[in-house]
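Data first, discussion second: the structure below is written as structure tokens.
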Amino acid sequence: MKKKLKIEKGTVIAAFIASVWVCVTLYLLGLLQYSSTWPAFIPFVLFTVGGWKTNQLKNIFTGSISGILLGAIALKSINYLVGGTGIYYMYMVPVFVIVFLLISLGEVLPMIFNNYAFCYYTIAFASQKQETFEWMQVSLLGGIFFTGGLILFFRIFLNGGPIDQSVEKPVEKLVENPE
């Protein structure tokens, strides 16, 4: 017996809302003349990966700013250390320090030093063209607009969907028949 592939109605509605909202966000960021739009969309991705918990939004947005800043600091430090000493492997010193801070200070300052900051740090550090202040603006303005809009529309049209609901599902156990 062949199973028919079935897409849930809620999934189609969510896909439509998200697709339209991506285009609206891109259009508005274009009107504001932002050339880098990726920081507007990462918060929603992190929000969904983090279990759709709205109490994590402040950590996501604060982490975005700290991660972008730490990426810029790392690159400036590398240029200074390698350029000043002529020793290529000095680039590892700022990388070590920032990764150490991101992990070790997570327990003390979790809003600033968290996995979300690490994600943004990695992207900012790996980017060839640094646009630190634009990235921070787009992360906050575009990210709040995009993520907030999707949360609002999901609550209106999907009765919240997965937002703030437990993502844990009961595990079905096989029970042997004692007969």
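For the sequence shown, position 109 (counting from the first letter as 1) is numbered 111 according to the numbering used here, and the numbering increases by one without interruption.
Built from N, CA and C at the ideal position, the CB exists for glycine as well.
In this text the structure is predicted, and so the values were computed from the model without any measurement.
Grab the span of the alpha helix (DSSP H) containing residue i for me, first residue to last.
| i | result |
| --- | --- |
| Y122 | N117 to A128 |
| K11 | K11 to L33 |
| M138 | T134 to Q139 |
| N61 | L59 to T87 |
| L104 | M94 to S106 |
Taking 7 Å as the limit between beta carbons, can you name the residues of its chain near residue i, skipping five residues before and five after?
| i | result |
| --- | --- |
| L176 | Note that L176 has pLDDT 48, beneath the 50 cutoff, so the model's placement of it is unreliable and no number is given. |
Between residue i and the rest of its own chain, which residues show a CB-CB distance below 8 Å, the 5 nearest in sequence each way excluded?
| i | result |
| --- | --- |
| K60 | M113 |
Rounding to the nearest angstrom, what Cα-Cα distance links residue i and residue j in this structure?
| i | j | result |
| --- | --- | --- |
| I100 | E10 | 44 Å |
| Q83 | F155 | Sequence inspection shows Leu at residue 83; the Gln mentioned does not correspond to that position. Between L83 and F155, the C-alpha separation is close to 48 Å. |
| T149 | Y118 | 15 Å |
| L160 | L142 | 25 Å |
| T124 | I70 | 9 Å |
| A74 | R157 | 37 Å |
| F147 | V24 | 10 Å |
| I165 | K55 | 6 Å |
| I1 | Q132 | With the chain running from 3 to 181 in the structure shown, residue 1 is simply not present. |
In chain order, what residues of the same chain have a beta carbon less than 6 Å from the beta carbon of residue i, not counting five sequence neighbours either side?
| i | result |
| --- | --- |
| P45 | I62, G145 and T149 |
| Y122 | S66, G69 and I70 |
| I19 | F155 |
| M138 | I67 and I70 |
Return yes when the Cβ of residue j is within less than 9 Å of the Cβ of residue i, no when it is not.
| i | j | result |
| --- | --- | --- |
| G12 | G163 | yes |
| S38 | E136 | yes |
| A42 | T27 | yes |
| Y93 | I80 | yes |
| Q58 | L72 | no |
| A126 | T134 | yes |
Any idea what DSSP makes of residue i, helix, strand or coil?
| i | result |
| --- | --- |
| N149 | One detail in the question is off: residue 149 reads as Thr in this sequence, not Asn. In the structure shown, T149 sits in a helix (DSSP, three-state: H, G or I). |
| V110 | coil |
| P45 | helix |
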